[in-house]
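The structure appears right after this line, and notes come after that.
Residue numbers (my numbering): 2 to 146.
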């Protein structure tokens, strides 16, 4: 696995937030694999969720971030890739619990659902929170496939 490499992508709703995240991650010393899109022209979110999912599952990236209007569709696309645990998060609490209990390796956000400050708080929580481990969480994650 490429330690410190983060795959990030968005559909047409999220390039501005993606660019903010990319800059923040690079400032913190991460290598960012930007998988698009780069403009407001309509694109299909499943293509971008799949790209991030494949980068994380293959080990090309440590973790991933996917962004669309709600975070839902792009997370479904990412979660179709075996080994991906993408979680749609709406606040710091859901983000922390996704990491602690579910060992989420892809953060999914909806730019039409949360504002940029909350999104940045979620980004911070996603990278600051570790998986808590423990028999019950490991057992449950194992059942996810």
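Here a beta-carbon is modelled for each residue, glycine too, at the ideal position from N, C-alpha and C.
Beta-carbon within less than 6 Å of residue i's beta-carbon, same chain only, minus the 5 sequence neighbours each way: which residues are those?
i           : result
residue 138 : 102
residue 76  : 87, 89, 109
residue 44  : 12, 13, 38
Have a look at the options and flag the residue whose alpha-carbon is nearest the alpha-carbon of residue i.
i           : options          : result
residue 60  : 107, 27, 23      : 107
residue 28  : 6, 15, 41        : 6
residue 96  : 144, 47, 46, 131 : 131
residue 70  : 35, 111, 93      : 111
residue 99  : 41, 17, 133, 140 : 133
residue 120 : 94, 40, 81       : 94
residue 16  : 41, 25, 24, 26   : 41
residue 25  : 117, 136, 144    : 117
Can you list, in chain order, the residues of its chain whose CB lies under 7 Å from that of residue i, leaving out five sequence neighbours each side?
i           : result
residue 83  : 58, 146
residue 64  : 7, 57, 106, 107
residue 22  : 9, 66, 124
residue 49  : 10, 11, 12, 36, 37, 38, 67, 75
residue 127 : 96, 100, 108
Contact check, residue i vs residue j under 8 Å by CB: the rounded distance?
i           : j          : result
residue 78  : residue 46 : 6 Å
residue 19  : residue 68 : 6 Å
residue 142 : residue 92 : 22 Å between Cβ atoms; not a contact.
Sorted by chain position, which residues of the same chain lie with C-beta nearer than 8 Å to residue i's C-beta, five sequence neighbours on each side aside?
i           : result
residue 113 : 14, 70, 71
residue 34  : 6, 7, 8, 9, 56, 61, 62
- Hey, is the stretch 9-20 in contact with the stretch 47-54, meaning 3+ C-beta pairs nearer than 8 Å? Output reads yes: the stretch 47-54 touches the stretch 9-20.
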